[in-house]
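Undergrad:
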Amino acid sequence: MPKDDLQVMRDLMDAQRKGFALPRHFYTSQAVYENDISTFWNRNWIWVGHVSQVAELGDYFLFDYGPESIIIVRDREGEVRAHLNVCRHRGSRVCIEQKGKARNFICPYHAWTFDLNGKLRNGRSMGSDFDPGQYGLFPVQVQIFQGLIFVCAAEDAPPLDAALERLAPLSKPFDFENLKVAHEASYPVPANWKLALENYLECYHCAPSHQDYSRSHSLKDPAQVLEFGGALHERMGEVGVPLEELDLTGENALAPGADVYWRRYPLFPGYVTGSKDGAPLAPPLGELKGHDGGATDLGIGTLNYFLVYADHVVGYRFVPRALQETDIQIVWYVRGDAQEGRDYDKDALTWLWHVTSLDDERIIRHNQEGVNSHQFVPGPLSEMEWSIPGFYRNYFSMI
Amino acid sequence: MPKDDLQVMRDLMDAQRKGFALPRHFYTSQAVYENDISTFWNRNWIWVGHVSQVAELGDYFLFDYGPESIIIVRDREGEVRAHLNVCRHRGSRVCIEQKGKARNFICPYHAWTFDLNGKLRNGRSMGSDFDPGQYGLFPVQVQIFQGLIFVCAAEDAPPLDAALERLAPLSKPFDFENLKVAHEASYPVPANWKLALENYLECYHCAPSHQDYSRSHSLKDPAQVLEFGGALHERMGEVGVPLEELDLTGENALAPGADVYWRRYPLFPGYVTGSKDGAPLAPPLGELKGHDGGATDLGIGTLNYFLVYADHVVGYRFVPRALQETDIQIVWYVRGDAQEGRDYDKDALTWLWHVTSLDDERIIRHNQEGVNSHQFVPGPLSEMEWSIPGFYRNYFSMI
Amino acid sequence: MPKDDLQVMRDLMDAQRKGFALPRHFYTSQAVYENDISTFWNRNWIWVGHVSQVAELGDYFLFDYGPESIIIVRDREGEVRAHLNVCRHRGSRVCIEQKGKARNFICPYHAWTFDLNGKLRNGRSMGSDFDPGQYGLFPVQVQIFQGLIFVCAAEDAPPLDAALERLAPLSKPFDFENLKVAHEASYPVPANWKLALENYLECYHCAPSHQDYSRSHSLKDPAQVLEFGGALHERMGEVGVPLEELDLTGENALAPGADVYWRRYPLFPGYVTGSKDGAPLAPPLGELKGHDGGATDLGIGTLNYFLVYADHVVGYRFVPRALQETDIQIVWYVRGDAQEGRDYDKDALTWLWHVTSLDDERIIRHNQEGVNSHQFVPGPLSEMEWSIPGFYRNYFSMI
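As structure tokens, this is what we get:
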């Protein structure tokens, strides 16, 4: 009996060797890609932005991934809401502009009109039996953590509350609530989204591939993380950064898709933040009394990652566009009252992760090219790639 | 057991909810698209042109859709014939130029030579057992209605005769036989052909989407069609347009694929044709004594549509190029003896359906984008979209 | 029960009519294409270059086809070796530059380092149980015939030795060992690789399609091959070209994929080589005492073809890039001590097969367009296309 591509996928999941990379099929099958969107992306929390982007009533922006589009809007009651950007009539995109201020959403095809809360207002020529109450925009779940907005298209989104409750006191001094977007950039990579995410999940490649990052960040060498860790802890105490770590990932996750990770590691002596010369890039965030010279790896859910310096936050997501097309999207945040030119220089602020992302585009592309070989056999993962099996575990649990 | 894409399609057909739009699968599956070509397009009548384009012996032109190509030619006996543009040897395109005058068709690969009637002339080095009579170009059925040429690749083309016989007296005064092509244009749309066709089939979207059309055409509002219908009938009588309507579509169709539809509706006061200022665009067609200020929606088969004004005819077809690539092809016809510059201005003539097609490109594109969502659920159709279920009925009966 | 595309392929193989072309499915199915790569290309010998390209230790070049990439390198022991260009860790391309000189191969992702012979040197952070001996680059088989390098990704490559042993004395006087590359060119064709190869395999199309070739080469007409064959044999004897022919193809092949073919045919009077004016293009190859005015069709395996004139050799391969994208790659060789400008003019040398390949690009493209029709029915092959069924036989025996 012929096996379809999803059956091949399930057989490979059963045969998956612990501590090894995934087989080719996961990165080359169109059916697997579509399943990734419908069962993994549509059922996980996705970081889409920050409350400052929907500060006033009617402010909205779109977030697109794969064939999906989500409207994020502040409604008339002041709530941040999210809706599927698909008309309930014949499926047109309802909202076309990437961001703006709206009084309501009028479908450009047949003018079905939806309130900011998604409710359908009328149904022109729909007959007397038509009940507009049945045809509001499909709601998308929203979770806001200290100003960061996450959405999930599924009704039964992974339960994040318990994990975020434990995270809250650790990130509190950084005052994420009052960040502002300093810059956004997108790096298109001709590779499957999982290869882009796996690249982010490990620093085994940092030393050979990222010279600039490795000059300042100890994570490229576990021994050096230890070596400079004590001094970092001392400075963390001085400036007001909590010392705790949190690892609710892999086997420790409270539920599938509800991973949270927070761990701060030292920059090398001479670097107080992720800058080229080691000097500060912006005023300390939130309540911090200064620069501690640390960087926190923060993960929320399985798709959303942040690097938290003392003076800025960099957010990362790996947005699928097609089977082998992915956008690495990066957002740089500084404290909300910082002014460009006076308090920070945008080019200096974004330098490190701009050059590092150009490196990554290259190595992820070469990774996909090799994985495409019919003769590729996945090899063993190193000790420094420990978080990749955690991702696989999550991925397998939901697809 | 895995289901292939066509089985998924058949299950969806069984579950299709009356009066609702079609599910995503019909617009996103490559297998469904290929089936559309092989079972629907290849078995339906397609309007390809007008006899004036093959006026003399040897005149030919090509019509292409999906992966198919048809040669339409006037042969030595004076008959309009159509052949599959595929060599019977190893399958090369036989005819490469889009139009011209030929004495015969010589395959550019191995020089197999076919007469204008499709007969293979010789078979160089084919051995003594070879019978050229077995290897003529595959014939394509031809139906000519008052000068309009239709082709069908299937041997058992839908029987159009009876329906066309009933149509003939209604269109006769417009003298389609003596039309000439004033202009042709193609509007590429990144959407499945069915979304482009469905867009044409309903005027529910006219008011919100087509400001220019809606300024002059009452079809955008059924109440106004009624309001101005009486006066139109009076003028139709005066200029010589028959008053009858004909609706052999949907359940009234005489056979699957044999739909014919003819219904004239009023333009708004001040408009005698589909012009920007309401003034005539060209001399009245055929035997008409003047401009009645009406517009006839004419459909022949399930794929071919025309809008018949008193002074010009606009033909529309929605030609598949790929799963989500379609060309909206439009041809403007005026009476055969009209001269550009003297009797009509091409820019004025084509203005309305040029701007309207630009609108349509945009809304059909947004429709496809939304339909691509894994979460799209087809909604209920309005009363003004009554002809879409008729199309679905036809479509389901043949795929 | 639904049939998958490979099952459809197998059914078509069972139903294949002897002496007829292949059905559409073999040229339009993505599954068939992927199977072509994994079961035919990866298990056949592919001509990739000449030993002069890896003259010194560490010299390497890449050969890519479909999603595959092979490194060909001269190792420290002086052996020509080939490796799969895929890291044994997570599958990155190991070697990025198309050619160069290397001391070792360092994967650009995580710096796994391989010796020129493919052995993995170290395994940074791989734990104490890690055995680098298990993770060398996958070896690719290498066969060198008189300086021409062939590779095969399969462990059980077709046994070529016996056939090449019989070929050796026939080609020996041309001294392939000491050729040098005069020029390389690639002609992209939007067609399946099999259509490009089939085009090369027959000269039925030469007369109608290749005017320049047909002006000088008798192969376009079997009768003329005979007519001028006697005089050619006489001149072959004079300049030192062996008179024997060798046809180990089709039913005569010693093993599937082990075909060898060598047959010399006359140019027309006035032509001593494949030049525009008939005059010599370069000094006679190897031990030849002059120009005999012949051209040898040489085939080695099922994928590699050469045309051997008295003063240069032209090599051809038809490299798959995607289902309907193929590169016709051509290499012109002259004797190793010939100097451009003094001994040969590159434009004159490459003229014939440049213009002929432009012809071929066009006719193969039109062939694919027609074969894409759902209504294409494969026709009978002519007597001059006798070698195409031989290719099908080989193809069917391995897929």
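Residue numbers (full-length UniProt numbering), protein chains in the order written: chain A, 1 to 399; chain B, 1 to 399; chain C, 1 to 399.
Note that beta-carbon positions come from the ideal geometry of N, C-alpha and C, so glycine has one too.
1) Can you tell me where the alpha helix (DSSP H) holding Trp-193/B begins and where it ends?
2) Give me, in chain order, the residues of the same chain whose beta-carbon lies closer than 7 angstroms to that of Arg-365/A; leave out the 5 immediate sequence neighbours on both sides.
3) Might you give, ordered along the chain, the residues of its own chain that have their beta carbon closer than 7 angstroms to the beta carbon of Glu-385/A, omitting 5 neighbours on each side?
4) Where do the ends of the beta strand (DSSP E) carrying His-183/C lie?
5) Between Asn-372/C and chain B, is any beta-carbon pair separated by less than 9 angstroms?
6) On a Cα-Cα basis, can you pick out the residue from Pro-173/A, Pro-378/A, Ala-223/A and Pro-320/A that is closest to Thr-296/A?
7) Please list, in chain order, the chain C residues whose beta carbon lies closer than 7 angstroms to that of Phe-138/B.
8) Within 10 angstroms of the Cβ of Lys-194/B, are there 16 or more other Cβ atoms? Answer buried if so, exposed if not.
9) Taking all protein chains shown into account, decide if Lys-289/A is buried (16 or more other Cβ within 10 angstroms of its Cβ) or exposed.
10) Closer than 7 angstroms by beta-carbon distance: list the chain B residues that pair up with Gly-133/A, in chain order.
11) CA-CA distance, Glu-234/A and Val-313/A?
12) On a Cα-Cα basis, can you pick out the residue from Glu-68/C, Ser-218/C and Val-140/C that is closest to Ile-149/C?
13) Taking the C-alpha atoms as reference points, what is the distance between Glu-155/C and Gly-118/C?
14) Looking at chain B, is there any beta carbon in it that lies within less than 9 angstroms of the beta carbon of Ala-207/C?
15) Is Ala-310/A closer than 9 angstroms to Pro-280/A when the C-beta atoms are compared?
16) How many whole angstroms separate the CB atoms of Val-51/B and Gly-123/B, which I take to be in contact at a CB cut-off of 8 angstroms?
17) Which residue spans inside the segment 38-72 of chain A form an unbroken alpha helix (DSSP H) run of at least 4?
18) For Cys-152/A, which residues does DSSP report across the bridge?
19) Tell me the rounded alpha-carbon separation between Thr-302/A and Phe-391/A.
20) Got a sec: is the Cβ-Cβ distance from Ser-38/C to anything in chain A below 9 angstroms?
21) So is Tyr-395/C in contact with chain A if we call contact Cβ pairs under 9 angstroms?
22) Indicate whether at least one CB of chain A lies closer than 9 angstroms to the CB of Gly-118/C.
23) Below 9 angstroms between beta carbons: does that hold for Leu-116/C and Arg-90/C?
24) Quick check on Asn-104/C: buried or exposed, where buried means 16 or more other Cβ atoms within 10 Å of its Cβ?
25) Do we get a CB-CB distance below 9 angstroms when we pair Tyr-204/C with the residues of chain B?
26) List the residues that DSSP assigns as beta-bridge partners of residue 440/B.
27) Could you name the residues of chain B that Ala-21/C contacts, counting a contact when the two beta carbons are closer than 8 angstroms?
28) Enumerate, from N- to C-terminal direction, the unbroken beta strand (DSSP E) stretches of 3 or more residues contained entirely within the segment 295-364 of chain B.
29) Taking its Cβ as the centre, do 16 or more other Cβ atoms sit within 10 Å of Leu-285/B, making it buried, or is it exposed?
30) Tell me whether Tyr-392/B sits in a helix, a strand or coil according to DSSP, three-state version.
31) List the residues of chain B whose Cβ lies closer than 8 angstroms to the Cβ of Glu-68/A, in chain order.
32) For a cutoff of 9 angstroms on Cβ pairs, would you count Arg-264/B as touching chain C?
33) Do you know offhand how far Thr-350/C's Cα is from Pro-208/C's?
34) Residue range of the beta strand (DSSP E) that Leu-84/B falls in?
35) Of the choices Glu-361/C, Leu-323/C and Ile-363/C, whose alpha-carbon is the least far from that of Glu-34/C?
36) Just the C-alpha distance for Phe-268/C and Leu-179/C, rounded to the nearest angstrom, thanks.
TA: The relevant details are as follows:
1) 193-201
2) Val-189, Pro-190 and Ala-191
3) Glu-202 and Tyr-204
4) 179-189
5) yes
6) Pro-173/A
7) Gln-375
8) buried
9) exposed
10) Going along chain B, no residue has its Cβ under 7 angstroms from Gly-133/A, so there is no contact; the nearest lies around 13 angstroms.
11) 22 angstroms
12) Val-140/C
13) 16 angstroms
14) yes
15) yes
16) That belief does not hold up - the Cβ atoms of Val-51/B and Gly-123/B are roughly 33 angstroms apart, past 8 angstroms.
17) none
18) Gln-141/A
19) 7 angstroms
20) yes
21) no
22) no
23) no
24) exposed
25) yes
26) The shown model of chain B, from 1 to 399, leaves out residue 440/B, and the question about it has no answer.
27) His-89, Arg-90 and Gly-91
28) 304-308, 313-322 and 325-335
29) buried
30) helix
31) Ser-373, His-374 and Gln-375
32) no
33) 22 angstroms
34) 80-84
35) Leu-323/C
36) 26 angstroms
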